[in-house]
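S.K.: For the record, the sequence lines run as chains A and B.
Using my numbering, read the first sequence as starting at 1 and increasing by one per residue.
Using my numbering, read the second sequence as starting at 456 and increasing by one per residue.
The beta carbon of each residue, even a glycine, is placed where N, CA and C say it ideally should be.
Number of protein chains: 2
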Amino acid sequence: MAQKPSIPKGTRDFGPLEMAKRNYIFDTIRSVYSLYGFRPIETPAMENLSTLMGKYGEEGDKLLYRILNSGEFRQGTSVDDFQNKSAAALAAAFCEKGLRYDLTVPFARFVVQHRDELQLPFKRYQIQPVWRADRPQKGRYREFYQCDADIVGSDSLLNETELMMIVDEVFARLGIRVCIKINNRKILTGIAEVIGAPEKIVEITVAIDKMDKIGLDKVNDELRQNGLGEEAINALQPVIALQGTNKEKLATMRQVLAASEVGLKGCDEVEQVLNALEETDLRNVIELDLTLARGLNYYTGCIFEVKALDAQMGSITGGGRYDNLTGIFGMPGLSGVGISFGADRIYDVLEQLNLYPEAAQSGARLMFCNFGTKEAQCCLRYARAARAAGIATEVYPDSVKMKKQMTFANAHRIPFVALVGENEMAEGRLTLKNMATGEQQLLTIDEAIAIINEA
Amino acid sequence: MAQKPSIPKGTRDFGPLEMAKRNYIFDTIRSVYSLYGFRPIETPAMENLSTLMGKYGEEGDKLLYRILNSGEFRQGTSVDDFQNKSAAALAAAFCEKGLRYDLTVPFARFVVQHRDELQLPFKRYQIQPVWRADRPQKGRYREFYQCDADIVGSDSLLNETELMMIVDEVFARLGIRVCIKINNRKILTGIAEVIGAPEKIVEITVAIDKMDKIGLDKVNDELRQNGLGEEAINALQPVIALQGTNKEKLATMRQVLAASEVGLKGCDEVEQVLNALEETDLRNVIELDLTLARGLNYYTGCIFEVKALDAQMGSITGGGRYDNLTGIFGMPGLSGVGISFGADRIYDVLEQLNLYPEAAQSGARLMFCNFGTKEAQCCLRYARAARAAGIATEVYPDSVKMKKQMTFANAHRIPFVALVGENEMAEGRLTLKNMATGEQQLLTIDEAIAIINEA
């Protein structure tokens with residue numbers, strides 16, 4: 001036989017068992033989003049490169065998948081261009097379209113493009129794959145799903161509050177205990193101001209973000225490398241090392257940030273969200289964490305991240321407030337806030353903790369064995385009745401050896417098998433076998449349906 | 456404001472209302488597939504071009520979207536290549552991957568690649584988008600969903616029978632009256648044999664396939680152009696003009712094909728499927744139609760197509776038996792049969808006939824108006840209770856003018872609005888407004904939940 005065909009590195013096939021588990025996650029997230037009044041949208045896999053370029057930083061531009069123009073794509077490109085232009089410039093000449101890199105930029109594009117049809121505030125969710133030409137590695141793929149919810153057109157902190165309730169509800173339903181971390185970009189801006197290095201805000205947040213991964217010393221080294229003076233670094237230490245309850249932390253920060261208007265505003269925002277959440281009986285802990293910075297520079301207010309308590313795994317959900325995302329498409333002044341569930345990591349956590357419900361793993365609940373054309377004809381009628389009663393049912397298509405058919409039923413974890421031979425046909429009945437107990441009963445199809453539906 | 460951003464020609468955004476309708480279609484198809492024991496798989500959007508090329512004919516190769524290799528894609532291409540190679544050859548040098556063109560070839564690739572893990576017969580369904588660099592026109596898009604179900608590893612005609620039952624069930628659930636057309640490639644092969652032009656089978660089927668669109672005269676012209684003699688064309692006339700019940704048609708065809716073993720085999724196959732279906736109470740008509748040929752040359756046995764009776768629209772579902780699809784990936788001898796629902800056309804038919812249920816069009820069922828921070832806090836608690844009772848609920852995030860909030864509720868067709876002002880808060884109650892009747896009632900949250908759940 002020829003060499004097996006394969007799929008591109010970093011992409012995946014999902015078989016029935018993986019699909020059942022993935023759908024369990026997507027359905028849970030989708031249900032909760034709907035319950036909170038978010039409504040679904042979908043955008044095309046391909047966007048114009050003019051929409052995508054420059055939105056994810058220089059590194060991001062390199063990770064975009066470009067689609068070669070159809071037909072004579074060389075048109076307008078000279079030999080000189082071919083020899084001397086950079087790969088990026090040549091790609092720009094050959095390609096007009098690229099694959100979606102995330103769901104946030106297409107959403108911003110969607111809002112601006114359809115602004116005349118939309119009623120603000122607009123609450124949408126979107127569950128679709130994205131593509132990145134990243135180096136594949138464990139847990140990092142070139143095609144993966146994002147599960148985003150965003151509200152645009154409302155400044156209210158009620159949105160942040162409800163997003164935290166959604167996070168809490170999703171993980172409660174999935175049975176994953178989590179810690180929800182919250183911070184606010186304005187607090188980080190305030191810190192930069194207070195230590196006298198406002199222009200270093202990006203470097204400071206990026207460095208602080210690595211606290212968990214590389215520890216205090218290396219964070220300090222990185223700050224130094226980024227040109228922060230010892231005085232500033234010293235001033236940062238109490239902030240990085242902050243301890244206590246959320247209220248205690250906020251009180252300390254209000255002192256540290258006394259001279260920074262924006263910093264105090266950040267404290268107010270976090271406090272309002274935390275206060276509102278106090279009365280909503282969250283089942284998970286929410287914690288103010290000043291080392292939480294998140295890489296994306298478009299965040300301007302509250303930011304959040306979620307970590308699983310019982311599994312070693314990076315952030316499994318994140319998000320935040322961005323005040324000017326649609327500005328890049330010529331529609332300034334529209335504030336938004338959103339979250340994104342990391343389905344692949346959640347999948348791995350559920351797998352590690354063995355938290356998938358049995359129901360998320362099964363296909364048909366009844367299979368008819370096939371003893372020949374005449375018997376199969378009778379099975380078709382019975383199967384029709386079982387399906388009408390909502391029971392997922394298969395008729396084994398070929399009248400092969402019984403053992404082969406039973407092996408199939410076992411491999412598919414089908415809990416009931418029905419046998420219809422000559423005797424059963426003559427009596428207008430079937431033999432129902434419970435595959436778990438091995439018990440067999442001679443029944444009418446209606447009796448069998450009742451038993452399966454009660455099981 | 457800058458120019459509005461846009462999306463690539465032939466692609467579409469789907470807003471919440473379109474999504475609700477599309478999901479209604481996908482969910483219906485998915486439910487029926489599951490009920491028949493089909494299990495979902497997903498394959499990557501990107502496949503290796505070696506998997507896709509040469510599978511869809513020359514025309515198909517041109518319609519593949521190619522992904523530019525990342526980084527220095529020029530590597531290995533000389534200036535001479537750039538100047539003198541064809542666009543296709545140069546594209547082959549610059550691109551290793553392409554976007555999925557249909558779901559059938561990726562499925563065949565999946566089966567061969569995972570053959571050691573699969574239990575045959577393998578029944579899978581797959582609902583994913585595909586991409587074609589086709590000229591966009593009304594009803595034809597460059598990105599669209601296919602909804603396929605296939606069984607591989609079983610020759611049994613029971614599979615064809617069950618697929619027809621699935622078609623019948625899906626359209627019954629959607630409320631679309633259809634005619635299911637069935638034919639068999641072996642019958643067509645037999646006809647070609649009998650008229651003495653076996654090598655013209657492709658041209659004959661392609662021409663006959665156009666009967667509905669261009670009429671008898673032009674079909675005959677096309678046959679002539681393809682080199683068929685007048686004798687052969689004359690011999691074809693009774694076949695093209697065949698009338699009567701399925702049984703009558705089959706009887707006539709058995710006479711016409713008396714000298715063709717393969718032709719008679721085709722008649723047997725169709726007859727078996729039709730007989731088996733007789734006892735299953737189909738709600739739609741199934742009709743043997745010899746002009747049905749379907750363009751795809753990989754079909755080898757039964758072929759089917761579905762037309763809506765009450766709307767002007769091409770085929771809305773199609774499929775057939777193919778005996779050697781996995782052979783192209785080095786795994787010969789595996790027979791398969793499948794169907795594909797055309798979601799976009801079904802969408803248009805439902806739209807034309809106004810068949811969408813009300814439930815497929817609504818978002819939240821309850822909205823809390825926002826009168827300020829303190830009141831909103833109370834609303835959050837009430838909303839939590841309503842959501843726990845399964846009611847999709849929004850809290851309007853900003854305390855803006857009442858009129859604006861009501862306009863929002865109306866635009867989103869939210870059937871109930873709750874008002875919680877100072878009085879309601881003091882009494883531990885809310886005012887529930889039924890948006891259809893205008894009726895207002897002062898209620899506890901539990902009473903309100905009961906009313907909404909009964910509505």
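(1) Determine, using beta carbons only, whether B/M508 comes closer than 8 Å to chain A.
(2) Could you compute how far the alpha carbon of A/D116 sits from the alpha carbon of B/K459?
(3) Is the shortest distance between the beta-carbon of B/M501 and the beta-carbons of chain A less than 8 Å?
(4) Round the Cβ separation of A/Y141 and A/R12 to the nearest angstrom and send it over; I've been treating them as touching at under 8 Å.
(5) Sort B/G718, B/D623, B/I637, B/L898 by Cα distance to B/G883 and report the nearest one.
(6) CA-CA distance, B/D901 and A/D268?
(7) For A/E375, tell me which candidate among A/T28, A/P198, A/G421 has the shortest Cα-Cα distance.
(8) Which same chain residues end up closer than 7 Å to A/F110 when comparing Cβ atoms and leaving out the 5 residues on each side of it in sequence?
(9) How far does the beta strand (DSSP E) with A/S50 in it reach, from first residue to last?
(10) Ignoring anything shorter than 3 residues, give me the beta strand (DSSP E) runs that lie fully in the segment 394-447 of chain A, in order along the chain.
(11) For A/M1, which three-state DSSP category applies?
(12) Using the rule of at least 16 other Cβ atoms within 10 Å of the residue's Cβ for burial, across every protein chain shown, is A/L309 buried or exposed?
(13) DSSP puts A/L338 in a beta bridge; with which residues?
(14) Apart from the five residues just before and just after A/I208, which ones in its own chain have a Cβ nearer than 6 Å to its Cβ?
(15) Counting contacts by CB-CB distance shorter than 8 Å, is A/M1 in contact with chain B?
(16) Is the beta carbon of A/G301 less than 8 Å from the beta carbon of A/N184?
(17) Is B/G588 near A/S70, with beta carbons less than 8 Å apart?
(18) Comparing the C-beta of B/D853 with each C-beta of chain A, is any distance below 8 Å?
(19) With a threshold of 16 other CB atoms inside 10 Å of the CB of A/N370, please say whether the residue is buried or exposed.
(20) Taking only the alpha-carbon atoms, compute the straight-line gap between B/M456 and B/R800 and give it to the nearest angstrom.
(21) When the Cβ atoms of the segment 88-100 of chain A are set against those of the segment 50-67 of chain A, are three or more pairs found closer than 8 Å?
(22) When the distance is taken between beta carbons, is B/T483 closer than 8 Å to B/T629?
(23) Cβ atoms of A/I449 and A/A392: under 8 Å apart, would you say?
(24) Strictly by DSSP, which residues pair up with B/M638?
(25) Buried or exposed: which applies to B/N539, given that a residue is buried once 16 or more other Cβ atoms fall within 10 Å of its Cβ?
(26) Would you say A/V395 lies against chain B (beta-carbon separation less than 8 Å)?
(27) Rounded to whole angstroms, what's the CA-CA distance from A/L242 to A/Q255? Just pull it up for me.
(28) Against chain B, which members of the segment 55-70 of chain A pass a CB distance test of less than 7 Å?
(29) Please classify B/K552: does DSSP put it in a helix, a strand, or coil?
(30) Pull up the DSSP beta-bridge partners for A/K123, would you.
(31) At a CB-CB cut-off below 7 Å, which residues of chain B make contact with A/K4?
(32) For A/T77 versus A/A93, is the C-beta spacing smaller than 8 Å?
(33) Ignore the nearest five residues each way along the sequence and tell me which others in A/R224's own chain have a CB closer than 7 Å to its CB.
(34) Just checking: is the beta-carbon of A/S335 within a distance shorter than 8 Å of some beta-carbon in chain B?
(35) Would you call the segment 887-895 of chain B and the segment 858-876 of chain B in contact, with 3 or more CB pairs under 8 Å?
(36) For the structure I just gave you, are there three or more beta carbon pairs, one from the segment 178-194 of chain A and one from the segment 854-862 of chain B, closer than 8 Å?
M.R.: Reading from the atomic positions:
(1) With 8 Å as the cut-off, B/M508 does not count as an interface residue toward chain A.
(2) Each residue's alpha carbon lies about 11 Å from the other.
(3) Yes, contact with chain A.
(4) Contact between A/Y141 and A/R12 holds, with the beta-carbon distance rounding to 7 Å and staying under 8 Å.
(5) That would be B/L898, whose Cα lies nearest to the Cα of B/G883.
(6) Straight across, the Cα-Cα distance linking B/D901 with A/D268 is about 34 Å.
(7) In terms of CA proximity to A/E375, A/G421 leads the group A/T28, A/P198, A/G421.
(8) Only I41, T43 meet the Cβ criterion.
(9) Where A/S50 is concerned, there is no enclosing beta strand (DSSP E), although the alpha helix (DSSP H) it sits in stretches over 49-52.
(10) Listed in chain order, the complete beta strand (DSSP E) runs (minimum 3 residues) inside the segment 394-447 of chain A are 416-419, 430-434, 440-443.
(11) With a pLDDT of 47 at A/M1, under the threshold of 50, the predicted position of this residue should be treated as unreliable, and no value is reported.
(12) By the neighbour-count rule (16 or more Cβ atoms within 10 Å), A/L309 is not buried but exposed.
(13) The sequence as given places Gly at residue 338 of chain A; Leu does not occur at that position. Partner(s): A/D150, A/G320.
(14) Cβ neighbours of A/I208 beyond the five flanking positions: T291, A293.
(15) For A/M1, the predicted structure reports a pLDDT of 47, less than 50, and the residue's modelled location is therefore unreliable. The matter cannot be settled from this model.
(16) Closer than 8 Å, so yes.
(17) Inspection of the sequence shows that residue 588 of chain B is occupied by Ala rather than by Gly. Yes. Within cutoff.
(18) Under the Cβ criterion of 8 Å, B/D853 is counted among the residues facing chain A.
(19) Around the C-beta of A/N370, 16 or more other C-beta atoms lie within 10 Å, and the residue is accordingly described as buried.
(20) Since pLDDT at B/M456 reaches only 46, below the 50 mark, its modelled position is unreliable, and the value read off the structure follows with that caveat. Rounded to whole angstroms, the separation of the alpha carbons of B/R800 and B/M456 is 37 Å.
(21) Contact holds: three or more Cβ-Cβ distances are below 8 Å.
(22) In the sequence as displayed, the identity of residue 629 of chain B is Leu instead of Thr. Taking 8 Å as the cut-off, the Cβ atoms of B/L629 and B/T483 count as close.
(23) In this structure, A/A392 lies away from A/I449, with their beta-carbon atoms at least 8 Å apart.
(24) It is Asn, not Met, that sits at residue 638 of chain B in the sequence shown. Per DSSP, B/I758.
(25) Under this definition B/N539 is an exposed residue.
(26) Output row for A/V395: interface = yes.
(27) Their Cα atoms are separated by approximately 13 Å.
(28) Against chain B - using a Cβ distance shorter than 7 Å - the residues of the segment 55-70 of chain A are Y65, R66, I67, L68, S70.
(29) In the structure shown, B/K552 falls within a strand segment according to DSSP collapsed to helix, strand and coil.
(30) BP columns for A/K123 point to A/I151.
(31) Those are V567, Q568, listed as they occur along chain B.
(32) Result yes, Cβ atoms of A/T77 and A/A93 sit closer than 8 Å.
(33) Close CB contacts of A/R224 within its chain, under the 7 Å cut and outside five residues either way in sequence, are with I233 (chain order).
(34) So, not an interface residue.
(35) Cβ pair count under 8 Å is three or more, so yes.
(36) No, they do not touch.
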